[in-house]
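Q: To start, I am sharing the structure in question, which I have written as structure tokens.
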Amino acid sequence: MNLWLVCLLFGWYASNSVFAVLNKEALKAFAFPWVVSWLQLVAGVMVIVPRWIVTRSMPKLDIVFVTKKFGPMAILHATGHMLQVAAAGSGSVFMANVVKATEPIIGTLVAVVATGTTPKLSTTLSLIPIALGVGIAGYKPGAIELFSFSSLASFLSCFVFALAKVLAKNLMTPQMKRERRLDAANNYALLTCCSTIVLTLPALLLQGIPALATAKKLTQNSSILRNIFISGAAYFYSNNCSFQVLDLTGPVTQAVANAAKRVFVLGAAVIFLGEPITTQKLFGSALALIGVLLYGLSKTNTREKKSSNTEAKEMSNGNSSSIKRN
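Residue numbers (mature numbering (1 follows the signal peptide of the UniProt record, and there is no 0)): -20 to -1, 1 to 306.
This is the structure in structure tokens:
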């Protein structure tokens, strides 16, 4: 493992934890998730545009292309981000992140419905500890924390993000990289810009006036605004680092790293926000994260087998062509 990869992993975990903690702190004093989520995306744009100017790496775009390809995806991404911000604001960051461990389950269901892809048995079995772990962590006598607004918003954000990923995968092609400069990082950067535009009108119409009135009354509005913008920049860098880790290592390390990231964020919620943790929640969280890791490894094994089969077919076809020519 080289030093740059270590730096990327640290940056990924640290920025995601900063986002989780500062997002919660901002929402405690400024409970307007629509406005907060929009300002966080604006912070991302403030990072993206100067980088594009300095590095001259801005994608080659036109309005028709962006509207057609990124419009639907931006609506989904903006909705998903607002939901995850609202989830953290209305409940515990710890539980919201435990619920996010269900991403593989929701992603698998979306893939089955949208693409008709049926997962293999080992992938399906890996979903069981995820479901059990989240259920155990979310249960408490007399109530089920999974039915709270925070948990439901987290579930919905996972579902919406899963739909957005299906659309995003269609754009990650060699042709897009070559003709549009749309590599993984630029895809996410452009998606952030489009999502900011999409979220502007709903945020201002639904919460703009009361948010402005509340901001004028707050004596510490500068620190709140600082928390919002730092959390927004951290959210952008978190996703940016994760893309680079995937590019440098591959899916296996990415699967392990993503599971480890959840542990990092859960720890930050306990240490910096003082959120209570029980043995039951700890056990359920660990079980769910083990399931996430097994899921990632299973999906990687499937991709490797498909790649091997494709290479074998290409070699076979090449040999057949040579025999015919001879």
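Glycine included, each C-beta is placed from N, C-alpha and C at the ideal position.
(1) Straight-line CA distance for I208 to L101?
(2) Whole angstroms is fine: what's the gap from K196's alpha carbon to R242's?
(3) Does the separation of the CB atoms of V65 and S17 fall below 7 Å?
(4) Out of A9, F139, G24, which one is the CA nearest neighbour of S202?
(5) S(-6): which of N219, S130, A76, L205 sits nearest, CA to CA?
(6) Using a Cβ-Cβ cutoff of less than 6 Å, which residues in the same chain neighbour V245 once the five nearest sequence positions on both sides are dropped?
(7) Between G264 and T59, what straight-line distance do the alpha-carbon atoms span, to the nearest angstrom?
(8) Would you mind working out which of G115, A6, L171 sits nearest L56, comparing C-alpha positions?
(9) Looking only at its own chain, which residues have a Cβ that is under 6 Å from the Cβ of L41, when we skip the five neighbours before and after it?
(10) P84: buried (16+ other C-beta within 10 angstroms of its C-beta) or exposed?
(11) For a minimum of 4 consecutive residues, which ranges assigned as the alpha helix (DSSP H) are wholly contained in the stretch 93 to 169?
(12) In angstroms with no decimal places, state the Cα-to-Cα distance between G113 and A266.
(13) Could you tell me the boundaries of the alpha helix (DSSP H) in which T82 lies?
(14) Applying the criterion that 16 or more other CB atoms from any shown protein chain within 10 Å of the CB defines a buried residue, is C174 buried or exposed?
(15) Report the CB separation of residue 312 from V22 in whole angstroms; it is logged as a contact under 8 Å.
(16) Can you tell me whether DSSP reads N(-19) as helix, strand or coil?
(17) Out of I116, E255, V225, which one is the CA nearest neighbour of L(-12)?
(18) Terminal residues of the continuous alpha helix (DSSP H) containing L21?
(19) By how many angstroms is the C-alpha of V27 removed from the C-alpha of S210?
(20) Find out if the Cβ-Cβ distance for the pair residue 307, G(-10) is shorter than 7 Å.
(21) Checking 7 Å against the spacing of the C-beta atoms, do G71 and P13 come in under that value?
(22) At the 7 Å Cβ level, is L143 part of the contact set with chain C, yes or no?
(23) Mark G51 as exposed unless 16 or more other C-beta atoms lie within 10 angstroms of its C-beta, in which case mark it buried.
(24) Check each candidate in L185, L277, V73 and name the one with the smallest Cα separation from F252.
(25) In this structure, how does DSSP classify S222 when only helix, strand and coil are distinguished?
(26) Within the continuous alpha helix (DSSP H) that includes G60, where are the two ends?
(27) Taking L192 as part of the alpha helix (DSSP H), name the residues at either end of that continuous run.
(28) Based on Cα-Cα distance, which residue from A213, L205, L151 lies nearest to V46?
(29) When the Cα atoms are used, what is the spatial distance from L63 to A91?
(30) Under 7 Å between the Cβ atoms of I110 and A268?
A: In this structure, then:
(1) Looking up residue 208 in the sequence shown gives position 228. Looking up residue 101 in the sequence shown gives position 121. Distance between the alpha carbons of I208 and L101 is about 43 Å.
(2) Your numbering for residue 196 matches position 216 in the sequence shown. Your numbering for residue 242 matches position 262 in the sequence shown. When rounded, the distance between both Cα atoms is 36 Å.
(3) Residue numbering aside, residue 65 sits at position 85 when the sequence shown is read from its first letter. Residue numbering aside, residue 17 sits at position 37 when the sequence shown is read from its first letter. Yes, they are a contact pair.
(4) Numbered from 1 along the sequence shown, position 222 holds the residue referred to as residue 202. By alpha-carbon distance to S202, the top candidate from A9, F139, G24 is A9.
(5) In the sequence shown, residue -6 corresponds to position 15, counting from 1. Closest by alpha carbon: N219.
(6) As a first step, residue 245 is located in the sequence shown; it is residue number 265 there, counting from the start. Taken in chain order, the residues that qualify are N(-5), S(-4), A(-1), N77.
(7) As a working mapping, residue 264 is identified with position 284 in the sequence shown. As a working mapping, residue 59 is identified with position 79 in the sequence shown. Rounded to whole angstroms, G264 to T59 spans 28 Å at the Cα level.
(8) Taking the first residue of the sequence shown as 1, we reach residue 56 at position 76. Taking the Cα of L56 as reference, the smallest distance to any Cα among G115, A6, L171 is reached at L171.
(9) For the purposes of this step, residue 41 is identified with residue 61 of the sequence shown, where counting begins at 1. Hits under 6 Å: none found.
(10) Stepping through the sequence shown from its first residue, residue 84 is reached at position 104. A residue is called buried once 16 or more other Cβ atoms fall within 10 Å of its Cβ, and P84 is buried on that count.
(11) Counting only runs of 4 or more, we get 101 to 118, 129 to 151, 154 to 160.
(12) Numbered from 1 along the sequence shown, position 133 holds the residue referred to as residue 113. Numbered from 1 along the sequence shown, position 286 holds the residue referred to as residue 266. For G113 and A266, the distance between alpha carbons rounds to 7 Å.
(13) Taking the first residue of the sequence shown as position 1, residue 82 is located at position 102. Premise fails: T82 is in no alpha helix (DSSP H) and is neither H nor E.
(14) Residue mapping note: residue 174 aligns to position 194 of the sequence shown, counting from 1. So C174 counts as buried.
(15) The requested residue 312 is not part of the displayed model; the chain covers only -20 to 306.
(16) The count along the sequence shown starts at 1 and reaches residue -19 at position 2. DSSP places N(-19) in coil when its eight states are reduced to three.
(17) To locate residue -12, count along the sequence shown from 1; it is residue 9. Nearest C-alpha to L(-12): V225.
(18) In the sequence shown, the residue the question calls residue 21 occupies position 41. Residues 13 to 35.
(19) Start at 1 with the first residue of the sequence shown, and residue 210 comes out as number 230. Start at 1 with the first residue of the sequence shown, and residue 27 comes out as number 47. Here residue 210 is Ile; the residue named in the question, Ser, does not match the sequence. Straight-line spacing of the CA atoms in I210 and V27 works out to 11 Å.
(20) In the structure as shown, the chain begins at -20 and stops at 306. Residue 307 is therefore absent and cannot be evaluated.
(21) Here residue 71 corresponds to residue number 91 of the sequence shown, with the count starting at 1. Here residue 13 corresponds to residue number 33 of the sequence shown, with the count starting at 1. Their beta carbons are not under 7 Å apart, which means G71 does not touch P13 by this criterion.
(22) Chain labels in this structure do not include chain C; a single protein chain is all it has.
(23) Here the question's residue 51 lines up with position 71 in the sequence shown. By the neighbour-count definition (other C-beta atoms within 10 Å, threshold 16), G51 is an exposed residue.
(24) Along the sequence shown, one-based indexing puts residue 252 at 272. Among L185, L277, V73, the Cα nearest to that of F252 belongs to V73.
(25) In the sequence shown, residue 222 corresponds to position 242, counting from 1. Here DSSP, grouped into helix, strand and coil, assigns S222 to helix.
(26) Within the sequence shown, residue 60 is the residue found at index 80, counting from 1. 43 to 70 is the span of the alpha helix (DSSP H), which, as asked, contains G60.
(27) The residue given as residue 192 occupies position 212 in the sequence shown. Here the alpha helix (DSSP H) through L192 covers 189 to 197.
(28) If you number the sequence shown from 1, residue 46 lands on position 66. The alpha carbon of V46 has as its nearest neighbour, out of A213, L205, L151, the alpha carbon of L151.
(29) Working through the sequence shown from its first residue, we reach residue 63 at position 83. Working through the sequence shown from its first residue, we reach residue 91 at position 111. A direct Cα-to-Cα measurement between L63 and A91 gives close to 21 Å.
(30) Residue numbering aside, residue 110 sits at position 130 when the sequence shown is read from its first letter. Residue numbering aside, residue 268 sits at position 288 when the sequence shown is read from its first letter. Yes, Cβ-Cβ distance for I110 and A268 is below 7 Å.
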